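Working notes, beginning with the structure itself.
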Amino acid sequence: MDALFVVTVAAVALLSAPIVPDGIAVGRNVAGYLGLGLTIRWLTNYRVAAAISTFVPFFIASLGMQGHRPVWWAWSLHEGGDPFSAGCALGLLCVGTALLFRAPLLRSSRENEESS
0 MDALFVVTVA
10 AVALLSAPIV
20 PDGIAVGRNV
30 AGYLGLGLTI
40 RWLTNYRVAA
50 AISTFVPFFI
60 ASLGMQGHRP
70 VWWAWSLHEG
80 GDPFSAGCAL
90 GLLCVGTALL
100 FRAPLLRSSR
110 ENEESS
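Take the sequence shown: its position 116, counting from 1, is numbered 115 in numbering that gives the first Met the number 0, and each next residue is one higher.
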C-alpha cells in the first residue's frame, strides 16, 4: 500500500506539469525528496527522516548555487528538463520505493525490548 501511495504521489506531481508553472521541476523534486525521505527512513526512523528531508532542500538552496548556476550536486535547482537531475530524482525514488519492501535497517527500541 505504501509503494502504491509513493508512486501515485510522484505520478500526480508529474502529470500536473502542464498546469503548474515549471511543473516538470516540481514533479521531479517531489519524487526525489520523497525517495530521499524513504531511504533515510529505512536507514534510521521516521523522525530522523522527517528532519533530514526538511533540512536537505534548505541546504541545497543555500549552498547549491555558484554564481548564477547550480552546482552539479544540487539536482533540485537545475532546469526542469535537465537529464542529470531527472536521473538523480528517479534514482532516489526507485531506491526509496524498493526499500519499502525490506525490513528497516535499525529496529525501534520497543522491538528490541520485545525480542529480549
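Cβ coordinates follow ideal geometry from the N, Cα and C atoms, glycine included. Every value quoted in this text rests on a predicted model; they were computed, and no experiment measured them.
Check: Given V29 as reference, the closest of L62, C93, H67 and R101 once Cα atoms are compared; Outcome: C93
Check: Rounded Cβ spacing between I23 and G80 (contact assumed at less than 8 Å); Outcome: 6 Å
Check: A9 - DSSP class collapsed to helix/strand/coil; Outcome: helix
Check: Beta-carbon separation (whole angstroms), T38 vs G90, contact threshold 8 Å; Outcome: So it is not a contact: roughly 10 Å between Cβ atoms.
Check: Where P20 sits in the DSSP three-state scheme; Outcome: coil
Check: Supposed close pair I51, A73 - CB separation, criterion 8 Å; Outcome: In fact, because the Cβ distance is near 16 Å, the residues do not count as touching under 8 Å.
Check: Status (buried if at least 16 other CB within 10 Å, exposed otherwise) for R27; Outcome: buried
Check: Where P56 falls: helix, strand or coil (DSSP); Outcome: helix
Check: With 16 other Cβ atoms within 10 Å as the buried cut-off, status of W71; Outcome: exposed
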